[in-house]
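Using our numbering, read the sequence shown as starting at 315 and increasing by one per residue. Step one of this worksheet: look at the structure below.
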Amino acid sequence: MTDITKPRLQTLLKTLFLICALGASSLFSNVEDHLKKVTGRGTSHDMRNIDFIYMINLDERPGKFESCIRQLSPYGIYPYRFSAINGWKLPLKVINDVGVRYKVGMPTDLMGTYFMNNEMSSGTHEIMSVPGRTYFGDLGRGTIGCTLSL
């Protein structure tokens, strides 16, 4: 394997891990309990071959959404604002509920992020190997919140 393909392979493995982690976590926890539901999206959308456009936006950042609307409206694009989940405000229990709990026999050559008892921890990165510890692919709290917002 050349050095050129290694980063691509690592990115692919991380992406696959994330997909598997989210899929597997639904087998062991109620991820759906932590997802936001779409309500009242309306029909102010009319773009050929596109069902609907969503824009994920934190409630505490209305200026960002307004700025995007100003930039998109000249093109006739009016996205539905979807209230994002702020991963930095999620309790540690929720963070650990949606991750993948490591079990003996799982691969031990992948890096993972885990969150300790510190509610505002940015996570600790290590090779996944501790049975019972909840891991994420190389994800921070903000990315976890964004993923749950989808």
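Here a beta-carbon is modelled for each residue, glycine too, at the ideal position from N, C-alpha and C. A quick note: this is a predicted structure, and the numbers were derived from the prediction, not measured.
DSSP places E380 in the uninterrupted alpha helix (DSSP H) bounded by P376 to L386.
According to DSSP, M420 shares a beta bridge with no other residue. Shown here, I399 sits in coil according to DSSP, grouped into three states, outside any helix or strand.
Cβ contact annotation for K407 (same chain, cutoff 8 Å, sequence separation greater than five): none.
Within 10 angstroms of the beta-carbon of R384 lie fewer than 16 other beta-carbons, which makes it exposed.
Per DSSP, reduced to three states, the secondary structure at Y389 is helical.
Under the DSSP assignment, G426 falls in the beta strand (DSSP E) whose first and last residues are M425 to Y428. Annotated three-state conformation of N371 is strand, per DSSP.
Residue pairing by DSSP leaves I458 without any beta bridge partner. Residue pairing for V414: DSSP places it in a beta bridge opposite Y449. Pairing T422 with I391 gives a Cβ-Cβ distance that is not under 9 Å. Following the DSSP letters along the chain, one finds I441 inside the beta strand (DSSP E) bounded by residues T438 to I441.
Annotated as proximal: G459 and G401, with beta-carbon spacing under 9 Å.
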